[in-house]
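Notes for the one structure printed next.
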Ligand SMILES: [Zn+2]
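Numbering (the numbering used here), first residue to last: 129 to 282.
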C-alpha cells in the first residue's frame, strides 16, 4: 500500500490516492487509469442525473437509469414473441412499469428481467381487478402469454 498524488483529468487539480498491490501493478495503474477527483465525480453524477425523469438522489438516479435501460432493452423481444392478440395487454403492463419514476423501484428490481416484472405487475393487479387501466381480461391474456413465452424459452 502506498499513497500517491495524481492529477484530476477534469479540473486539473492534484489529489491524493492510495494504491494497493505489487509495485508493478501500482505503476501500471498510475500510468493507465483515468483519474477524476471526488468533487468532479460528484458533479458529473449530478450532471448526468439532471437529464433523467427519475426521482431520487443523483447517485440513485444514475444507477437506476442504467438498470432501467438494461431491463427495457428486452421490451422488443418480449413483444415480438407475444401473440398478436396479447400484445395490447402486454403493452398496457409495460406502460405501467415504465411510468414508475422512483429510482428505488428500478434499483429494487436490479436482479429482475422484464418478464419477471410483468409477472409481478400482473400479480399486483390480480388483487385489484378493478384497476381501470388493466381489466381482468387483459390480465388473463397476459398470464396466458407468459405461459406460452416460458414454454418457448425451454
Ligand atoms: Zn477534479
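Glycine included, every Cβ here is placed at the ideal spot set by N, Cα and C.
Where residue i falls: helix, strand or coil (DSSP)
i, result
"residue 155", "helix"
"residue 187", "helix"
"residue 150", "coil"
"residue 250", "helix"
"residue 202", "coil"
"residue 243", "helix"
"residue 269", "helix"
"residue 161", "coil"
"residue 138", "coil"
Delimiting residues of the alpha helix (DSSP H) encompassing residue i
i, result
"residue 233", "231–236"
"residue 217", "215–226"
"residue 176", "166–178"
Boundaries of the beta strand (DSSP E) in which residue i is found, first to last residue
i, result
"residue 142", "142–147"
"residue 210", "Taken as a continuous stretch (DSSP letters only), residue 210 belongs to no beta strand (DSSP E), as it is neither H nor E."
"residue 132", "130–135"
Contact check, residue i vs residue j, beta carbons under 9 angstroms
i, j, result
"residue 172", "residue 164", "yes"
"residue 158", "residue 129", "no"
"residue 189", "residue 200", "no"
Contact test: residue i Cβ vs ligand 2 heavy atom, cutoff 8 angstroms
i, result
"residue 169", "What this structure holds is ligand 1, not ligand 2."
Closest by C-alpha distance to residue i, when choosing among the options
i, options, result
"residue 131", "140, 149, 138 and 206", "149"
"residue 344", "176, 240 and 218", "This structure leaves residue 344 out entirely; the chain is present only between 129 and 282."
"residue 202", "212, 191, 218 and 169", "218"
Query - Check your reading: residues with Cβ closer than 5 angstroms to ligand 1 heavy atoms - result: Result (chain order): 136, 138, 139, 165 and 168.
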